[in-house]
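Note that the working numbering has the sequence shown beginning at 1419, numbered continuously upward.
Note that beta-carbon positions come from the ideal geometry of N, C-alpha and C, so glycine has one too.
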Amino acid sequence: MKKVFVVVGILLGVIAGAQTPKTLLWKISGNGLQAPSYLFGTIHMTCDATLKPKVLQALDNTEQLCFELDMDDSQMQMEVLKHMYMKNNVRLDSLLTPEEFKSLDVYLKKNLGMSAKMLNRVQPLFITSMLYPKLLACKTQSIESALMQVSKAQSEEVIGLESVEEQMNAFNAIPYKEQVKDLYAMSQKNTELDKAETDKLTKLYQEEDIEGLYHYMNEVENKTYAKFEEDLLVKRNKNWQERIPKIIQAKTTFIGVGAAHLGGKNGVIQLLKALGYKVEPVL
1419 MKKVFVVVGI
1429 LLGVIAGAQT
1439 PKTLLWKISG
1449 NGLQAPSYLF
1459 GTIHMTCDAT
1469 LKPKVLQALD
1479 NTEQLCFELD
1489 MDDSQMQMEV
1499 LKHMYMKNNV
1509 RLDSLLTPEE
1519 FKSLDVYLKK
1529 NLGMSAKMLN
1539 RVQPLFITSM
1549 LYPKLLACKT
1559 QSIESALMQV
1569 SKAQSEEVIG
1579 LESVEEQMNA
1589 FNAIPYKEQV
1599 KDLYAMSQKN
1609 TELDKAETDK
1619 LTKLYQEEDI
1629 EGLYHYMNEV
1639 ENKTYAKFEE
1649 DLLVKRNKNW
1659 QERIPKIIQA
1669 KTTFIGVGAA
1679 HLGGKNGVIQ
1689 LLKALGYKVE
1699 PVL
């Protein structure tokens, strides 16, 4: 079920490599920049969103905060909700057999307090994101909210790398049938096992163990993610490769994006290096 979390932007990704340092924070310098900006890998929800001193220092040393989306936009939530429902009158009960729909109904009532009928037209990815907090053995906290709190206290602007429309279009590349397949599989799994796996991932994130995350994620088959990686990560990363230079040339910026976007040959770190920037770990 961790496959689904990657898809909805909840789960974190990793940076491959045997000598990868344990850090989620990277300094961007050179290539004509007067002062460095920073790139930070986030996770959507965690048990402890306490920011480490080096992250706070990077926030102090920058003039604005940048996320994937403009989290300070009062209209953002409404824009996201516009994409919540499946198009063309597609429903969960048209994607599942009657027996599967009934089984999913029991699961959703138990874990969300809502019936499958109530959520019948909601995209399965959205339902999955609603279920994620149930897998954390704590009251969930948000890294993005913690970053915003510091930025707001410093009266800094918050901006986004892409529009809601662009992000939702990437997620919409995953057919409803694929989405519901993962949601249904999630409902059939041992919840305690899912919780244990999620706890391990969040622990690795807190430890900034990039290599550990890489190896752990590779233990799990991820068919849905692999098929749509081009839309979910690669295309978006390359769009950001064009946009980030303009942002960091105008103002020193703390950029927080899902950690899945950092690593690999098409990750943001390598794409910025390809432009001539020095991108180095902050330990």
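Using the beta-carbon count (16 or more within 10 Å), is G1685 buried or exposed? By the neighbour-count rule (16 or more Cβ atoms within 10 Å), G1685 is buried.
With H, G and I counted as helix, E and B as strand and the rest as coil, what does DSSP make of F1646? Three-state result, F1646: coil.
Determine the direct distance from the alpha carbon of Q1572 to that of D1627, and round the result to whole angstroms. Their Cα atoms are separated by approximately 30 Å.
Output the distance between the C-alpha atoms of M1496 and A1588, rounded to the nearest integer angstrom. Distance between the alpha carbons of M1496 and A1588: 18 Å.
Is S1569 buried or exposed, if buried means 16 or more other CB atoms sit within 10 Å of its CB? Burial of S1569 is indicated by the presence of at least 16 other C-beta atoms within 10 angstroms of its C-beta.
Unbroken alpha helix (DSSP H) run spanning T1546, endpoints: 1542 to 1549 is the extent of the alpha helix (DSSP H) around T1546.
Unbroken beta strand (DSSP E) run spanning Q1482, endpoints: Looking at the DSSP string, the run of the beta strand (DSSP E) that includes Q1482 is 1482 to 1485.
Straight-line gap, K1683 to L1689 (C-alpha atoms, nearest Å): Near 8 Å, if we compare the C-alpha coordinates of L1689 and K1683.
Can you tell me where the alpha helix (DSSP H) holding S1492 begins and where it ends? Unbroken run through S1492: none, as it is neither H nor E.
State the beta-bridge partners of F1458 as determined by DSSP. F1458 pairs with L1443, G1674.
I'd like the list of long-range same chain contacts for M1586, defined as Cβ closer than 6 Å, with 5 residues on each side in sequence excluded. Taken in chain order, the residues that qualify are H1501.
Could you check how far apart the C-beta atoms of Y1602 and L1522 are, in whole angstroms? I think they sit under 8 Å. With a Cβ gap of about 6 Å, Y1602 and L1522 count as contacting.
Out of M1548, N1590, F1458, which one is the CA nearest neighbour of E1562? It is F1458 whose Cα lies nearest to the Cα of E1562.
Quick one: any contact between the stretch 1459 to 1466 and the stretch 1667 to 1682, if contact means 3 or more CB pairs under 8 Å? Here the stretch 1459 to 1466 lies against the stretch 1667 to 1682, with 3 or more beta-carbon pairs under 8 Å apart.
Can you give the beta carbon distance from P1542 to Y1503, rounded, assuming they're within the 8 Å contact cut? Between Y1503 and P1542 the Cβ distance is about 11 Å, and since that is not below 8 Å, they are no contact.
Here's a check: name, in chain order, each residue in its chain whose Cβ is nearer than 8 Å to the Cβ of M1566, leaving out the five neighbours to either side. Closer than 8 Å at Cβ, skipping near neighbours: L1483, M1489, D1490, V1576.
Once DSSP output is grouped into helix, strand and coil, what is the label at T1464? Shown here, T1464 sits in a strand according to DSSP, grouped into three states.
Between the alpha carbons of S1560 and W1444, how many angstroms are there, rounded? Cα-Cα distance, rounded: 20 Å.
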